[in-house]
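Visitor: Take 1 as the starting number for the sequence shown in full-length UniProt numbering and just add one per residue.
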Amino acid sequence: MILIWFILSNFVILNLFIALIANSLEVPEEKKRELQLGYYLKNVYPRRIKMYRTVSLIDRIKKKIFRRPSTQDSKNFKEFLITGSAIMKARETEKLSNEHTVMNDQDISTYFKSISRFFRENINSKFNFVKKNPFYYNPKVIITESDSPFESGITVTINNFHEEKSAYLRKHPRFNDSYFIFSPNNTIRRLCQLLVPSSYGERIDSEGLSLDDSQILDSGVFGEICKDLFFLLSLAVTIALLVVSCYVTPLYKLKYSNENLNWVVYFDIGVTSFFTLEFIIKTVADGFIYTPNAYLRNPWNVIDFIVMEYMWIDVYSSIRSDNSNAKIFRAFTAIRIFRLITISDKGKDTFHILIFNGLSKLPMTAFASFCIIFPFTVWGLHLFRGHLGVCNDNSFGYDGCTNEFSNTVFKWSIMSPRVYKEPYLYFDNFGVSLKSLYEIISLEGWVDLLMALVNSTGVGKIPIVNASPGNAFFIILFNFISMGFILNLFVSTIIASHSTNTGLAFQTKDEKVWIYTKKLLSQAYPERVPDTNNYKNFRLMIFNFVNGSNQYYNVSVNVILYFHISLLLSQFNNNAQEVWIVRRKLYMATTTALLSSALLSLYGNGFRIYFKNKWMYFKFYILWSAFLFTFISSSYADDNISSNLAAKVFRSSIFLFIIPQFDVLSQLSDIAIASGPYLLPLAYTWLIVFLVFAITLNQLFGLTKLGPNTTENLNFRTVPKALLVLFRCSFGERWNYILEDIALSYPECTPNSILGNCESSVFAYIIIILWNIISMYIFMNIFASIIITHFGNVYGESNSSDRIKKRHIRNFTKAWKKFDFYGVGYIQFGEITPFLNSFEGPLSFKKWSSEHSIHNIVKNYMLVDPEDPYNVDINFKGLDELFSKPQLIKIHERKETYRKFLHHIKFISELTGKVVFANLLNTIPLYTTFEARKCLGIEEYVRYLFIMDKIDEIIKREKMELLYNKIQNWHFSKTRNSKKLEENSNHHTNIPDST
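Shown next, in the form of structure tokens:
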């Protein structure tokens, strides 16, 4: 019953509350497309223009390593975006104003926005010169509709206020001088600009014109190399700072306090000096505060500047041996490790969305939550103030809790002082009451508080088991409200904020299904068939044996696999030694058989073809490792040796071999692999945040004494242990009790001592609660949200009968193999039609539908006499219905669609001159299963409409050429006929009279 209640409450009832709150925050389906367009114009469109101009080092490295084909021509990329937007707007005939709002704000935010507007207006009145500066204007997306009869459509442009900026520079020429000394043409400033990218926006010259890298001292490619080298040097110094921070812990310093630790001080001086040099270079290159590209206009530079100040204070404190202050300032130098996020644009975007935007939404949610917690806080304060304290001698209450008593510790009786103490969670004052209720929102400690309330008998009295069961109503009611509203409101708000900032909230159902289908299609590759003409008889026999010609072989391999899985499932701890010996022998037999099967397949298909499939890499590695370690461990009886443990791991991994045998599991694995680029930036950002908090907590609480809730492994003595504690706290596992152990106060610690940590109790509450919010509420829920977003369609609408599935992809790949025998990944353009006619399914696109095919007409509308083939009975009535006017219109539309499809494939194949496997596979569903206008996102739809516009021009040109040829042929035939008539008339007039 308990298990059933747990399943119902946690997986049904709780998720219903989350779904209801999330549904109230969700964007209506009919408004998603419009809001998606606004999001594209406001966020994606300017970012694409920026990417066209500058490419980060990581993106260039990925392009060199993976060599993925670009989806657009870089020469006309900007024109492509603008034209594509115009086409999209002209065809959709949607009216938009010049100002776009991505999403309507919730009513709860109105109060906060009015407050922020009040402060902003007051600040702007004080700094009116900044408000009038065009360099501080935000770029605007302007949509203009042409009124000319010769030009139609809508044009999308970005107004960067270039004219206003040029006029401002002419009026204030010193505004673009860094430190009011270095002008844009200064040689020193140009050299600094060679080393670092712009801190904010585009660099400009003294006249306000854009200044790219090729114009800086005529550097060109040399400028990119200089920036990359300086960036790599800065990255190496940051990594060195990370390594030393993990190694030089407070425990390490205490251990070697009597030895020479000058190398740590020298390292700190060197690192701080380098970051100071970097600061000087950046500020000379772009200015410090009030310049067009000022250093402090970049939020990452603000963090670096603050950390640099802390690092100098840390160096000064270390030189003076002021350890009490040094550990606090050194702890905050860990923030510098956030620089590791900046190596990737996706990492920076992820951090900005999660931390800056995520935390900005929390005050509104916190205010709503506080309105719910506040009455419970006051209620608990008035009802249970002083009720929960207990004496460590259970025989006395508050009045008798004095002197000493005999306390049994293990087997010894020890005299201990009586102490009257409050539990971790209690209601003696408003602050403590609020803190206690906040902690149990995460369901940590609420059972302890419940038992304390139920056992309470009054103020200062001895607690009795179940003395006041009615007090449980308070905790149960608060738990219900906090879980149903407060916690779910936090979760839903964070997920909604992330979805809005990434554009996921504006994706329609059709778009989600298309994205899922694209991920499924992205894992399909052309199969390569070996040239068996050169095979000898034995190898040819093996090839046919392992590739499906022998059904007994396939069944035998599957039987061995499932027998191995049965062995894994049937083992238990209390097996006798003889049973383990038999089990090892059986494991050895199954792994040998499975490895032999893999070796036969490797020999039959060849090394290159076998390992072209990524799954085969994994399978062969697991089988070989399982065989090797099982063979080694079979000679040992001890289960604890490393080889035996490795053998167990690899033998258990063989369980994964059942994945390709089930389409649902195979689809899940394909979607997991395809979703990697979306999950990895989040995981990487989360790891960096883990390291920053772990180093900070280690520096502050690395020497804090262990309490009742911390152990030898559950502490902050080293960075790895701190990571484990933070990982545990991310799931809410007794995080508040760990907080109580490190938030020490006098007399539990010694003030002004390196071992005391009395000064760090405030930092303990701030850092642990901040980690609780960032990791447990933000990262955990966003991670779950992304997984649900990318995996939700595996069991959703994508499994309907008209959607693309694994078997359809297998049919496509099998048919492709006939035309691309060697698996090179492309076929000739002339082979498209016979290829698409060679199989059925949603990935097959024929010029004629199946009902209008010759085979179907002969089968259903013609009856041929088997004895006399010339005796044919034709169903003319059925043919009239089949080729009626509505049917003829459909035939004509399908013919035109097929014509556009061929031109589409030809257009995207212009660079290679051949039809690429992936391009064809991703294009066919847009003509057979999906409707491009509904399923494609705005960016993809812009590209699609750009291609369609080119195709329409080509088809129009072809029709004009066809019409011209017909007119020319008609004119030629008419001229020829007139000449013949003239010749015939002349011939008749020249005939002599017979008389």
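Note that beta-carbon positions come from the ideal geometry of N, C-alpha and C, so glycine has one too.
#1: Would you call the segment 618-635 and the segment 577-591 in contact, with 3 or more CB pairs under 8 Å?
#2: From the DSSP output, in three-state form, read off Y420 for me.
#3: Check C729 in the structure and name its three-state DSSP category.
#4: Just reading off the beta strand (DSSP E) that S406 is part of, what are its end residues?
#5: Just confirm the distance between the C-beta atoms of S199 and N293, as a whole number of angstroms; I'd bet it's less than 8 Å.
#6: Examine the Cβ distances between the segment 672-683 and the segment 344-351 and report whether three or more of them are shorter than 8 Å.
#7: Quick one: what's got a C-beta closer than 8 Å to W412's C-beta in the same chain, skipping five residues either side?
#8: Determine the contact status of I472 and L450, defining contact as a CB-CB distance below 7 Å.
#9: At what residues does the beta strand (DSSP E) containing L863 begin and finish?
#10: What is the residue span of the beta strand (DSSP E) that I874 lies within?
#11: Comparing alpha-carbon positions, which option in S245, K282, I486 lies nearest Y179?
#12: Starting from the Cα of I188, find the closest Cα among D228, I280, T238, K255 and give me that residue.
#13: Tell me the residue span of the alpha helix (DSSP H) that contains Y587.
#14: Please state whether DSSP places V915 in a helix, a strand or coil.
#15: Under 8 Å, with one C-beta from each stretch per pair, do the segment 266-273 and the segment 309-322 reach the 3-pair mark?
#16: Please report how far the alpha carbon of L425 lies from the alpha carbon of F356, in whole angstroms.
#17: Put S978 into one of helix, strand or coil per three-state DSSP.
#18: Looking at the structure shown, is I87 part of a helix, part of a strand, or coil, going by DSSP?
#19: Evaluate contact between the segment 803-813 and the segment 521-530, counting only Cβ atoms and requiring at least three cross-stretch pairs below 8 Å.
#20: With a threshold of 6 Å on Cβ separation, who are the neighbours of Y168 within its own chain once the five nearest residues in sequence on each side are excluded?
#21: Just checking my contact of I905 with I832 at CB under 8 Å: how many whole Å lie between their CB atoms?
#22: Whole angstroms is fine: what's the gap from L277's alpha carbon to T333's?
#23: Taking one C-beta from the segment 650-657 and one from the segment 618-633 each time, how about it: are there three or more such pairs within less than 8 Å?
#24: With a cut-off of 8 Å on the beta carbons, I'd call Y861 and N875 a contact; round off their distance for me.
#25: Once the 5 residues before and after N698 are set aside, which same chain residues still bring their CB inside 6 Å of it?
#26: Do L35 and F506 have their C-beta atoms closer together than 7 Å?
#27: When DSSP builds the beta bridges, which residues end up paired with C226?
#28: Buried or exposed, going by whether 16 or more other CB atoms sit within 10 Å of the CB of F693?
#29: State the Cα-Cα distance for the pair R91 and D949, rounded to the nearest angstrom.
#30: Let me know if P299 comes out buried or exposed under the rule of 16 or more other beta-carbons within 10 Å of its beta-carbon.
#31: To the nearest angstrom, how far is it from the Cα of Y516 to the Cα of E712?
#32: Given I857, which residues of its chain have a CB within under 8 Å of its CB, disregarding the five upstream and five downstream residues?
#33: Assign H855 to buried or exposed, taking buried as 16 or more other Cβ atoms, counted over all protein chains shown, within 10 Å of its Cβ.
#34: With a cut-off of 8 Å, do at least 3 Cβ pairs link the segment 508-515 to the segment 918-936?
#35: So, using beta-carbon positions, are A331 and L388 closer together than 7 Å?
#36: Which of helix, strand or coil does DSSP assign to S148?
Guide: Well, looking at it:
#1: yes
#2: Position 420 of the sequence shown, counting from 1, holds the residue named residue 420. Look at Y420 here: in three-state DSSP terms it is strand.
#3: One-based indexing of the sequence shown puts residue 729 at position 729. Assignment of C729 by DSSP, reduced to helix, strand and coil, places it in the helix class.
#4: As a first step, residue 406 is located in the sequence shown; it is residue number 406 there, counting from the start. For S406, the enclosing beta strand (DSSP E) begins and ends at 404-409.
#5: As a first step, residue 199 is located in the sequence shown; it is residue number 199 there, counting from the start. As a first step, residue 293 is located in the sequence shown; it is residue number 293 there, counting from the start. The Cβ separation is near 5 Å, so the contact holds.
#6: yes
#7: Taking the first residue of the sequence shown as position 1, residue 412 is located at position 412. A distance below 8 Å between beta-carbons, with the five flanking residues on each side excluded, links W412 to no residue of its chain.
#8: Position 472 of the sequence shown holds residue 472. Position 450 of the sequence shown holds residue 450. The sequence as given places Ala at residue 472; Ile does not occur at that position. Result yes, Cβ atoms of A472 and L450 sit closer than 7 Å.
#9: In the sequence shown, residue 863 corresponds to position 863, counting from 1. Residues 862-864.
#10: Here residue 874 corresponds to residue number 874 of the sequence shown, with the count starting at 1. Start and end: 872-874.
#11: Locating residue 179 in the sequence shown gives position 179, counting from the first residue. For the residues S245, K282, I486, the minimum Cα distance to Y179 belongs to K282.
#12: Working through the sequence shown from its first residue, we reach residue 188 at position 188. If we check each option's Cα against that of I188, I280 comes out closest.
#13: Counted from its first residue, the sequence shown places residue 587 at position 587. Its alpha helix (DSSP H) spans residues 577-605.
#14: As a working mapping, residue 915 is identified with position 915 in the sequence shown. Correct three-state label for V915: strand.
#15: A contact exists between the segment 266-273 and the segment 309-322.
#16: Position 425 of the sequence shown, counting from 1, holds the residue named residue 425. Position 356 of the sequence shown, counting from 1, holds the residue named residue 356. C-alpha separation (whole angstroms): 32 Å.
#17: For the purposes of this step, residue 978 is identified with residue 978 of the sequence shown, where counting begins at 1. In the structure shown, S978 sits in a helix (DSSP, three-state: H, G or I).
#18: As a working mapping, residue 87 is identified with position 87 in the sequence shown. Low per-residue confidence applies at I87: pLDDT is 44, beneath 50, and the placement is therefore not dependable enough to give any value.
#19: The segment 803-813 and the segment 521-530 touch, with no fewer than 3 CB-CB distances between them shorter than 8 Å.
#20: If you number the sequence shown from 1, residue 168 lands on position 168. These residues qualify, in order along the chain: P134.
#21: Numbered from its first residue, the sequence shown carries residue 905 at position 905. Numbered from its first residue, the sequence shown carries residue 832 at position 832. About 6 Å; that satisfies the 8 Å criterion.
#22: The residue given as residue 277 occupies position 277 in the sequence shown. The residue given as residue 333 occupies position 333 in the sequence shown. Taking the straight line joining both Cα atoms gives about 17 Å.
#23: yes
#24: Stepping through the sequence shown from its first residue, residue 861 is reached at position 861. Stepping through the sequence shown from its first residue, residue 875 is reached at position 875. Between Y861 and N875, the beta carbon gap of about 4 Å places them in contact (Cβ cut-off 8 Å).
#25: Locating residue 698 in the sequence shown gives position 698, where the first residue counts as 1. Cβ neighbours of N698 beyond the five flanking positions: T249, F716, V719, A722.
#26: Taking the sequence shown and counting its residues from 1, one reaches residue 35 at position 35. Taking the sequence shown and counting its residues from 1, one reaches residue 506 at position 506. In contact: L35 and F506 (Cβ atoms closer than 7 Å).
#27: Numbered from its first residue, the sequence shown carries residue 226 at position 226. Paired residues: none, contrary to the question.
#28: Counted from its first residue, the sequence shown places residue 693 at position 693. F693 should be labelled buried.
#29: Counting from one through the sequence shown, the residue named residue 91 turns up at place 91. Counting from one through the sequence shown, the residue named residue 949 turns up at place 949. A caution first: R91 carries a pLDDT of 44, below 50, which makes its placement in the model too unreliable to give a value.
#30: Counted from its first residue, the sequence shown places residue 299 at position 299. Classification for P299: exposed.
#31: Taking the first residue of the sequence shown as 1, we reach residue 516 at position 516. Taking the first residue of the sequence shown as 1, we reach residue 712 at position 712. For Y516 and E712, the distance between alpha carbons rounds to 47 Å.
#32: Numbered from 1 along the sequence shown, position 857 holds the residue referred to as residue 857. Once the five neighbours on either side are set aside, the close Cβ partners of I857 are L879, L882.
#33: The sequence position of residue 855 within the sequence shown is 855, counting from 1. Looking at its Cβ environment, which holds fewer than 16 other Cβ atoms inside 10 Å, H855 is exposed.
#34: Taking 8 Å as the limit for Cβ pairs, the verdict is that the segment 918-936 does touch the segment 508-515.
#35: Counting from 1 along the sequence shown, the entry for residue 331 is found at position 331. Counting from 1 along the sequence shown, the entry for residue 388 is found at position 388. Contact: no.
#36: As a working note, residue 148 is residue 148 in the sequence shown. With a pLDDT of 49 at S148, under the threshold of 50, the predicted position of this residue should be treated as unreliable, though the coordinate-derived value follows. Coil.
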